[in-house]
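Residue numbers (the working numbering), protein chains in the order written: chain A, 2 to 268; chain B, 376 to 691. Built from N, CA and C at the ideal position, the CB exists for glycine as well. Here the structure is a predicted model, which means the values were calculated and not measured. Below: the structure, in structure tokens.
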Ligand SMILES: Cc1ncc(C[n+]2csc(CCOP(=O)(O)OP(=O)(O)O)c2C)c(N)n1
Ligand SMILES: [Mg+2]
């Protein structure tokens, strides 16, 4: 898909995400807005998926490890036709869309998530299975930078390199915030690129809101897992949320919601 | 007894209690895993910045560092959500804390179904089970903010590894007139027909249920069993021998929780026991009150269970 088309889709995803979180009265707008461009690009230009056959074995697997940004994932899946858009407004309500993804509760959700750090290991298991059985699909795992604090992330990183999982691509939403502050204050991660390189990964850094740069997501290196460090802006698209860790996990009130939608409508 | 004017979450009581405890004892530290605001540590952080330690989103290391600090004489409160600590870091808690007998206090909020909208991943329903099986560990589930404050202060004076289970949601206060002693259950209301034992938020629901049942002529003895371990078997047995029937209620799986602890204590005493809790299910997103209703933990649902039981025995 062309950039203009992607831009429009991502804009819709952001509007949906804001409205879902506002209607729910809780949720995580910062990360959700920040990954909207990446998720849109992945689902429209990278992943082999089939909304009418969501469990088709040849599909690429998309593992969302930072489950709290699921409003953006739900919105993209609905946009792609995995389920009806009217379900989006049920986010976090009884019998509605779960506050953190639950496998089996919706088509297209490959794994339950919410506790941080679970996704990369699951992705390794899936990638290893594909190799064992000679299957050609690819495993994509999205993680947040906050998840790099978890030791298990690095256990999985070693495993992926040891097993030469070149059918695995991890993407880090490098938005430099976590729940209670900037990552470099809460638990410094830099130099993240060199860390993963030292762990024997193929590492590529991109601008996380630039669709041209996202073409690099398809880069592969024989015998190595690939990591895309996507530099993003949390809250991207809503001026008063951009760059602010305070919007990690807080729903907008009515006037904030209206202001956010007004800004997004102009983009 | 129920103070409807004062709505507070037990985690708020913890935030106040740890500051009071820290004023008394300079060895008290607070460790956070990127959730300090949720654990109400703002005041602690402001007053004792040098005694506040941020470990990042790393619950295993949180427990391990806590153990090391404790073995060298500090009294660390390690804080996170109950669904991550004591679960992700259970291995560290078992050996580095309990086997070492390290004086670490594990304070965890967002326990139970009333965590609400975040959904199943964040609603800890197994934490009492996995902590109370550990030798040397004390397990305390305060009924409200008032009790959480007292429990935090009392806990800081003991040398035991302790799990302090806290909740996110605000509820009326029910323990303002109670004394708090670790290991001493409180009889909040006398009754002769049936013993209703509750912990945590469920104490409020139990008291409400007892008021409804009273109007129906059923006299319920309500016990606030805030200490799951060491369990106050004496108070429980005394009451049960009088009433002959125990109902327990907790915001936890029926397997392995407070009711199970009571079952172990009364086994062989010829007492009828029913354990009310979540029955081998995960939770889901929803508001706290909807979820209490759905999972059979509201006062009304407790009343239904007790009336069903009474009808059954009348028909025998
Ligand atoms: C194991 C675990 N510990 C703690 C949390 C609570 N938590 C949810 S999001 C978050 C911050 C993580 O940072 P990041 O994912 O980078 O946040 P974002 O950039 O999306 O705002 C924390 C600590 C959790 N979900 N899982
Ligand atoms: Mg982040």
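Just the C-alpha distance for residue 70 of chain A and residue 192 of chain A, rounded to the nearest angstrom, thanks.
On the first chain, residue 70 of chain A is found 69 positions in, with the first residue counted as 1. On the first chain, residue 192 of chain A is found 191 positions in, with the first residue counted as 1. Cα to Cα, residue 70 of chain A sits roughly 25 Å from residue 192 of chain A.
When the cut-off is 8 Å and only beta carbons count, does residue 659 of chain B lie next to chain A?
Working through the second chain from its first residue, we reach residue 659 of chain B at position 284. The C-beta of residue 659 of chain B comes closer than 8 Å to at least one C-beta of chain A.
Taking contact to mean 3 or more Cβ pairs, one atom from each stretch, closer than 8 Å, check whether the segment 435-449 of chain B and the segment 465-474 of chain B are in contact.
The segment 435-449 of chain B vs the segment 465-474 of chain B: in contact.
With a threshold of 7 Å, establish whether the CB of residue 184 of chain A neighbours any heavy atom of ligand 2.
Position 183 of the first chain holds residue 184 of chain A. Yes, since a heavy atom of ligand 2 falls inside the 7 Å radius drawn around the Cβ of residue 184 of chain A.
How would you label residue 235 of chain A, buried or exposed, when you count the other beta carbons within 10 angstroms and need 16 or more for buried?
Translated into positions along the first chain, residue 235 of chain A becomes position 234. Its Cβ being crowded by 16 or more others within 10 Å, residue 235 of chain A is buried.
Measuring straight from C-alpha to C-alpha, what distance separates residue 557 of chain B and residue 528 of chain B?
To locate residue 557 of chain B, count along the second chain from 1; it is residue 182. To locate residue 528 of chain B, count along the second chain from 1; it is residue 153. C-alpha separation (whole angstroms): 11 Å.
Limits of the unbroken alpha helix (DSSP H) element including residue 680 of chain B:
Taking the second chain and counting its residues from 1, the one referred to as residue 680 of chain B is at position 305. For residue 680 of chain B, the enclosing alpha helix (DSSP H) covers residues 674-690.
Who are the Cβ neighbours of residue 57 of chain A in its own chain at under 7 Å, not counting the five residues just before and after it?
Residue numbering aside, residue 57 of chain A sits at position 56 when the first chain is read from its first letter. The residues 51, in chain order, have a CB closer than 7 Å to that of residue 57 of chain A in the same chain once the five nearest residues on each side in sequence are set aside.
Is residue 408 of chain B near ligand 1, in the sense that its beta carbon is under 7 Å from a heavy atom of that ligand?
Stepping through the second chain from its first residue, residue 408 of chain B is reached at position 33. Yes - ligand 1 has a heavy atom lying nearer than 7 Å to the Cβ of residue 408 of chain B.
Please classify residue 72 of chain A: does DSSP put it in a helix, a strand, or coil?
Taking the first residue of the first chain as position 1, residue 72 of chain A is located at position 71. In the three-state reduction of the DSSP assignment, residue 72 of chain A falls in the helix class, which pools H, G and I.
6 Å CB neighbourhood of residue 383 of chain B in its chain, flanking five on each side removed
Start at 1 with the first residue of the second chain, and residue 383 of chain B comes out as number 8. Excluding residues within five positions, the ones whose Cβ falls inside 6 Å are 520 and 545.
Relative to the alpha-carbon of residue 94 of chain A, which residue among A:23, A:238, A:166 and A:211 has its alpha-carbon at the smallest distance?
For the purposes of this step, residue 94 of chain A is taken as the residue at position 93 of the first chain. When the alpha-carbon of residue 94 of chain A is set against those of A:23, A:238, A:166 and A:211, the nearest one is in A:23.
Test: residue 127 of chain A CB closer than 8 Å to a CB of chain B
Position 126 of the first chain, counted from the first residue, corresponds to residue 127 of chain A. At a cut-off of 8 Å between beta-carbon atoms, residue 127 of chain A makes no contact with chain B.
Please write down, chain order preserved, every residue whose beta carbon lies under 7 Å from a heavy atom of ligand 2.
This selection yields A:32, A:145, A:146, A:147, A:174, A:176, A:177, A:178, A:179, A:184 and A:235.
Between the beta-carbon of residue 120 of chain A and the beta-carbon of residue 128 of chain A, is there less than 8 Å?
By 1-based counting over the first chain, the position of residue 120 of chain A is 119. By 1-based counting over the first chain, the position of residue 128 of chain A is 127. Cβ atoms of residue 120 of chain A and residue 128 of chain A: not closer than 8 Å.
Please confirm if residue 113 of chain A has its CB atom under 8 Å from at least one CB of chain B.
On the first chain, residue 113 of chain A is found 112 positions in, with the first residue counted as 1. Chain B contact via Cβ: present.
Between B:476, B:507 and B:422, which lies nearest to residue 461 of chain B when the distance is taken from Cα to Cα?
For this step, residue 461 of chain B is matched to residue 86 along the second chain. Per the Cα distances, B:507.
Would you check whether ligand 1 has a heavy atom nearer than 7 Å to the C-beta of residue 29 of chain A?
In the first chain, the residue the question calls residue 29 of chain A occupies position 28. The answer is yes for residue 29 of chain A.
Within chain B, partners of residue 90 of chain A - CB distance below 9 Å
In the first chain, the residue the question calls residue 90 of chain A occupies position 89. Going along chain B, no residue has its Cβ under 9 Å from residue 90 of chain A, so there is no contact; the nearest lies around 13 Å.
Three-state class that DSSP yields for residue 624 of chain B in the structure shown
Here the question's residue 624 of chain B lines up with position 249 in the second chain. Strand.
Mind checking if residue 109 of chain A is an interface residue toward chain B, Cβ cutoff 8 Å exclusive?
Walking along the first chain from the start, residue 109 of chain A turns up at place 108. Not closer than 8 Å to any Cβ of chain B, the Cβ of residue 109 of chain A fails to qualify, so no.
Mind checking whether the beta-carbon of residue 437 of chain B lies closer than 7 Å to any heavy atom of ligand 1?
Residue numbering aside, residue 437 of chain B sits at position 62 when the second chain is read from its first letter. Not under cutoff, so the answer is no.
Among B:669, B:668, B:604 and B:657, which residue has its Cα nearest to the Cα of residue 640 of chain B?
For this step, residue 640 of chain B is matched to residue 265 along the second chain. It is B:604 whose Cα lies nearest to the Cα of residue 640 of chain B.
Chain B within 8 Å of residue 135 of chain A, Cβ atoms only
Taking the first chain and counting its residues from 1, one reaches residue 135 of chain A at position 134. Under the Cβ criterion of 8 Å, residue 135 of chain A is not counted among the residues facing chain B.
For residue 268 of chain A, count neighbouring C-beta atoms within 10 Å of its own C-beta (all shown protein chains included) and say buried if the count is 16 or more, exposed if not.
Locating residue 268 of chain A in the first chain gives position 267, counting from the first residue. Burial check for residue 268 of chain A: the Cβ neighbour count within 10 Å stays below 16, so the residue is exposed.
Is it true that the CB of residue 167 of chain A sits closer than 8 Å to the CB of residue 126 of chain A?
Start at 1 with the first residue of the first chain, and residue 126 of chain A comes out as number 125. Start at 1 with the first residue of the first chain, and residue 167 of chain A comes out as number 166. For residue 126 of chain A and residue 167 of chain A, no; Cβs fall outside 8 Å.
Kindly identify the DSSP beta-bridge partner or partners of residue 647 of chain B.
For this step, residue 647 of chain B is matched to residue 272 along the second chain. Paired residue(s): B:620.
Boundaries (first-last residue) of the beta strand (DSSP E) holding residue 131 of chain A
Start at 1 with the first residue of the first chain, and residue 131 of chain A comes out as number 130. Per DSSP, residue 131 of chain A belongs to no beta strand (DSSP E); it is in the alpha helix (DSSP H), 120-133.
Residue 589 of chain B in three-state terms, based on DSSP
Residue 589 of chain B sits at position 214 when you count from the first residue of the second chain. Reduced to three states, the DSSP call for residue 589 of chain B is helix.
Please confirm if the segment 629-645 of chain B is in contact with the segment 581-593 of chain B, defined as three or more CB-CB distances below 8 Å between the two stretches.
Taking a cut-off of 8 Å for Cβ pairs, the segment 629-645 of chain B and the segment 581-593 of chain B do not touch, as fewer than three such pairs fall below it.
Quick one: which unbroken beta strand (DSSP E) runs of 3-plus residues sit fully inside the segment 482-541 of chain B? Chain order, please.
List check, beta strand (DSSP E) in window: 513-515 and 537-540.
Residue 115 of chain A Cβ short of 7 Å to ligand 1 heavy atom set:
Locating residue 115 of chain A in the first chain gives position 114, where the first residue counts as 1. Result yes, Cβ under 7 Å from ligand 1.
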